[in-house]
Every structure is written in structure tokens, then in C-alpha cells.
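K.L.:
Before I ask anything, here is the structure I am working with.
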Amino acid sequence: MPELPEVETTRRGLLPHLVGRRVRAVVVRQPQLRWPIAAELVAQLPGQRIEAVERRAKYLLVHTRVGSALLHLGMSGSLRIVPERTPPGPHDHVDWRLDDRHLLRLTDPRRFGCELWQLPGTLHPLLRRLGPEPLGDGFDGDHLWQRARGRGAAVKTFIMDQSVVVGVGNIYASEALFEAGIDPRRAAGRVARERYRRLAQTIRRVLARAIERGGTTLRDFIAPDGARGYFEQELAVYGRAGEPCRACGTAIAQAVLGQRATYWCPRCQR
DNA sequence: CGACACACCTGGATGC
DNA sequence: TGCATCCAGGTGTGTC
Numbered sequence: 000m001p002e003l004p005e006v007e008t009t010r011r012g013l014l015p016h017l018v019g020r021r022v023r024a025v026v027v028r029q030p031q032l033r034w035p036i037a038a039e040l041v042a043q044l045p046g047q048r049i050e051a052v053e054r055r056a057k058y059l060l061v062h063t064r065v066g067s068a069l070l071h072l073g074m075s076g077s078l079r080i081v082p083e084r085t086p087p088g089p090h091d092h093v094d095w096r097l098d099d100r101h102l103l104r105l106t107d108p109r110r111f112g113c114e115l116w117q118l119p120g121t122l123h124p125l126l127r128r129l130g131p132e133p134l135g136d137g138f139d140g141d142h143l144w145q146r147a148r149g150r151g152a153a154v155k156t157f158i159m160d161q162s163v164v165v166g167v168g169n170i171y172a173s174e175a176l177f178e179a180g181i182d183p184r185r186a187a188g189r190v191a192r193e194r195y196r197r198l199a200q201t202i203r204r205v206l207a208r209a210i211e212r213g214g215t216t217l218r219d220f221i222a223p224d225g226a227r228g229y230f231e232q233e234l235a236v237y238g239r240a241g242e243p244c245r246a247c248g249t250a251i252a253q254a255v256l257g258q259r260a261t262y263w264c265p266r267c268q269r
């Protein structure tokens, strides 16, 4: 479910509820997520004050003096702030009991998410090979072009590679390529430098707009306060196979690239 | 190194 | 109604 905009929406929603709070206890009902919930997290977090909540790629880092929780939402995860007595549902795997009678609750039906631990002054292995943040410095068309040289894989698969640029998932990859007018099936190494400059712009624009709308809710994404995302209404191609392109009226095409559903306008995108 | 298939897991939609 | 099948927003791992 969550790509960068959904994770950023989650971070912003959590911020006022977490920063300055102290964790009283960690309650684990299902330790088997993508990886087992880190024993260090369960042992270290209680008693700690939360100093900051940061996002890197699609990961959230909850910082304390003794270490940082590294959270990922996988495909179906969400984090919510709920009152202390709220009974857990079947997929509510972890609660952090806070000092204000609320819980930070991880819900994740498919259990592809994780709760890991990073020691101060170290970088978790999962964060080591990540590319630049698309909304930060260090990301532009020249970077994409440089990294794409000699690559034969589809450009859509290429921009979803987290070592190239982070945060672009299956929805926003199709959307950004539509706005840039690039056929998602085109080999990454055969996209001109100028067109990569355009693509870098549309990646930034699509992600930024999705954040403003609170992300995309297709099935189950919810912000920490329970709000859904409203970017779905602005999707130009994702999930619209057979429907008319909003720009030219041509039927939106669908194919599988890198085992992921891909959508594009065969007329607007070359 | 790059490309690709596969794995993890559950629930909802669809079709017979 | 019941059951099989397919699909889903991610990403590490193993193979070639």
C-alpha cells in the first residue's frame, strides 16, 4: 500500500502525538512480520522519550536517546494513534503504550512490514544502498540519466529501483511516466537526457501533490487519525485500463512489467 | 554488475 | 452458498 506520500502522510500525522512522549511499554501480539520484531526494540524502547520522527525512503525512524525504531509498512501496514483501551483487531500486531493514555498501533494484515532497531551513530543495513530522496537535493534528471546508462530494463522498473531513487512505488511510477510522456516499457538506457530532466520533475510533482492530498487510498491506507487519502481522484492512468485518457481520449493500456501492473496512454506516451 | 523470478502473507473480488 | 483463482500500494534473496 504505502509509497512515499503515504509514509510521509503517516509521519506528519504521528509527529504531534509522538514527539516528546515517553514510551511506557511495547506490547507484541504477533512478532512474525517480514522479519521478527527486533528484541532490542522491545527491550530498549520502554522508558525512552521520543525525540524525533524522520522518514527515509519508505521507512520511518523513531528516534530516542538509546536508538531508533525502524518501521516499514510493507504493502498493507498502517500506524494509528488510538485511546489506550481500544481492543485490538486480528491484525493489530504491535502497540506502543505512550505516557498520554494513547497507543501507537501497527496494523498489517499481510505482515510485510517490520519494526527493527538501529543503534545511535549506525546506519541499518536496510538503509545503506538507498538512492537519493526525490524531494531533496541530489535528485535530478542528470542523476537518472547517469544511472540509466547501459540499462536494458524498462524505465518504469528502473525508477522503482530504490537504489536509483527512493519512494517511487507502483502507483506513482505509472503516474509520473504519464505526466512525462514516456512509454513505461522503453528501455531505461534509451531515454534521452532531456526527457529524464522532465521525468525527474514529474516524479517530484506527482509525489508532492499526493502528499498534499494525504496520499492515495485504494483499499486500506489510512492516516494515523483514521483519515483516508484523496489523491486517488487525481490518478491519470493507474487502475484505469480501458478508460479514456483524460488528455486525448485514447483507451488506457495495461501490461505487466517486472511482475507489476503498469498503466499508460499509448498515444500520449512514447 | 544487471535482469529476473520468487518468496513472504492475508483478504477481497471474481467466476463457476 | 461454497470453493478455486487471481490480484493487491514492497522489497530482499537467489539464480543465471
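So for the first sequence, numbering that gives the first Met the number 0 puts the first residue at 0; every next one is plus one.
No residue lacks a Cβ here, since even glycine has one placed at the ideal position from N, Cα and C.
#1: Go ahead and label Val52 buried or exposed: buried means 16 or more other beta carbons lie within 10 angstroms of its beta carbon, across all protein chains shown.
#2: Can you tell which of Glu233, Tyr229, Arg227, Arg146 has the C-alpha that lies nearest to the C-alpha of Glu178?
#3: Which parts of the stretch 156-183 are runs of the alpha helix (DSSP H), unbroken and 4 residues or longer, counting only runs that do not cross its ends?
#4: Between which two residues does the beta strand (DSSP E) containing His62 stretch?
#5: Rounded to whole angstroms, what's the CA-CA distance from Val27 to Asp224? Just pull it up for me.
#6: Pull the bridge partners of Cys113 from the DSSP assignment, please.
#7: May I ask you to list the residues that DSSP assigns as paired with Ile80?
#8: Report the rounded CA-to-CA distance for Pro124 versus Gly112, giving the unit in angstroms.
#9: Which same chain residues end up closer than 6 Å to Gln253 when comparing Cβ atoms and leaving out the 5 residues on each side of it in sequence?
#10: Looking at the structure shown, is Thr201 part of a helix, part of a strand, or coil, going by DSSP?
#11: Applying the criterion that 16 or more other CB atoms from any shown protein chain within 10 Å of the CB defines a buried residue, is Arg79 buried or exposed?
#12: If you draw a straight line from the C-alpha of Gly151 to the C-alpha of Glu50, how long is it?
#13: Can we say the stretch 84-96 touches the stretch 23-40, given the rule of at least three CB pairs closer than 8 Å?
#14: Just to confirm, is the Cβ distance from His101 to Pro82 under 8 Å?
#15: Output the distance between the C-alpha atoms of Asp139 and Pro133, rounded to the nearest integer angstrom.
#16: CA-CA distance, Val25 and Asp107?
#17: Let me check one thing: in DSSP terms, what residues is Val22 bridge-paired to?
#18: Taking the alpha-carbon positions, what's the Glu39 to Ala246 distance?
#19: My understanding is that Leu129 touches Gln161, with C-beta atoms under 8 Å, so please give their C-beta distance in whole angstroms.
P.N.:
This is what the structure gives:
#1: buried
#2: Checked all of Glu233, Tyr229, Arg227, Arg146; the closest Cα to Glu178 is Glu233.
#3: 169-179
#4: Element bounds for His62: 58-63.
#5: 22 Å
#6: His71
#7: Leu103
#8: 16 Å
#9: Counting only Cβ-Cβ distances below 6 Å, and skipping sequence neighbours, we find Ala240, Tyr262.
#10: DSSP places Thr201 in helix when its eight states are reduced to three.
#11: buried
#12: Counting only the Cα atoms, Glu50 lies some 44 Å from Gly151.
#13: Taking a cut-off of 8 Å for Cβ pairs, the stretch 84-96 and the stretch 23-40 touch, as three or more such pairs fall below it.
#14: Going by C-beta atoms, His101 is nearer than 8 Å to Pro82.
#15: Rounded to the nearest angstrom, the two C-alpha atoms are 8 Å apart.
#16: Using only the alpha carbons, I get a separation of about 17 Å.
#17: BP columns for Val22 point to Leu97.
#18: 52 Å
#19: Your pair Leu129 and Gln161 checks out as a contact, with CB atoms roughly 6 Å apart and the cut at 8 Å.
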